[in-house]
Amino acid sequence: MNRKFPVINLVVLVIIVGMNALANILPLNNMTTGELSQEVNVLFTPAGYVFSIWSLIYITLGIWVIRSLFTSHAGDIKAVDNIGWLFVWNGIFNVSWLLLFHYEFFPWTMLPMAALLLSIILIYRQILQAGKVSVWTKLPFAIYMGWVSVAFIVNIGILFNTFGFEDGFIISNELWTVIIIPAGGIIAAIIAEKYKDIIYSSVFVWAFIGIYVERAEEVQFIAVTAAVTAALLLLYNIIFLVRKKYILKLDG
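The numbering of the sequence shown is this note's numbering, which starts it at 5 and goes up by one.
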C-alpha cells in the first residue's frame, strides 16, 4: 500500500469535519446548515433529526481512515490504493458545496453536489474492485453514498425553488415531491440489488421516515407517500436478507 494515502485521507477527513463543525458553530453567514435547510422550502427535506446521520458517516469514515493506517488486510490495502486521490477530491467537493450553500449561491451548489456524489460512487466501485474487504471499508461509503443521493435530490428541489418552480411553473413543489419519493425508492432498490448492499437503501428508508415525520401535519399526502415508500423499501430490505440467508444455507 502507498502509505501516503492513509495519512492524506486522515488530513482530508479532519478538514471536512472541521469545516462542517465551524459552519454550525460560528455559524457561517449567521445561519447553521440545519436552519438554512429549513428556510429553503423543499418538501423533500426530512425532519431535522435525520441529519444526525452525518455524525454516523463521519464516525465510520474516521474508523476507516484510522484502520487504514495500521491494517494488514489485503483487500483493505488494495481498496485504499484503488481509491487513490478520489477521497481528496471528495473533500474538496464537500467543502465547496458547504460554502456555496451557506452563502446562498443555491444554483451553483448543484455542481459540487453532483461531483460529490460522483466521487463517492467512484470510490464505492473502487472498493468493490478490491475484492474481499472488511466491513469498515465498505460500510462508511455505502452510508455516505446513500445520504448524498438523498441530499442530491434535496438540492434539485432547492434549484427548482430558486427558479420559482414551487409557484406552479411547469410542476408544483407538492407534485414534484410526490413523484420523486417513490422514484427515489425505486432507484434505491435497484442500486441495492445491483451492488447487493441494503445499507444504501436503508439510508433512503431513514430519509423517507423523516419526510413523513416532517410533513405529517403540514402536507398529509406527501407524508403518506413517504410512509408507504419507506414501508415498501423496508420490506424489500427484509426480503433481501431472507433471500440471502436462504442462498447461504443452500450453498452450505
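Don't be surprised by glycine CBs; every beta carbon is placed ideally from N, CA and C.
Item                                                                                                                       : Value
Classify residue 239 as buried or exposed, calling it buried when 16 or more other Cβ atoms lie within 10 Å of its own Cβ. : exposed
By the three-class DSSP mapping on this structure, what secondary structure does residue 175 have?                         : coil
From the DSSP output, in three-state form, read off residue 109 for me.                                                    : coil
Is residue 33 near the ligand PLP - that is, is its Cβ less than 7 angstroms away from at least one heavy atom of it?      : As for the ligand PLP, it is missing from this structure, which has no ligand bound.
Could you check what DSSP says for residue 93 in three-state terms: helix, strand or coil?                                 : helix
Can you find a C-beta in chain D that's less than 8 angstroms from the C-beta of residue 124?                              : Given the protein chain composition of this structure (a single chain), no chain D is represented.
Would residue 213 and residue 147 be called neighbours here (beta carbons separated by less than 8 angstroms)?             : no
Where do the N-terminal and C-terminal ends of the alpha helix (DSSP H) with residue 142 fall, by residue?                 : 139-166
If we ignore side chains and look at the alpha-carbon of each, how far apart do residue 98 and residue 109 end up?         : 15 angstroms
In terms of residues, what are the limits of the alpha helix (DSSP H) holding residue 28?                                  : 8-29
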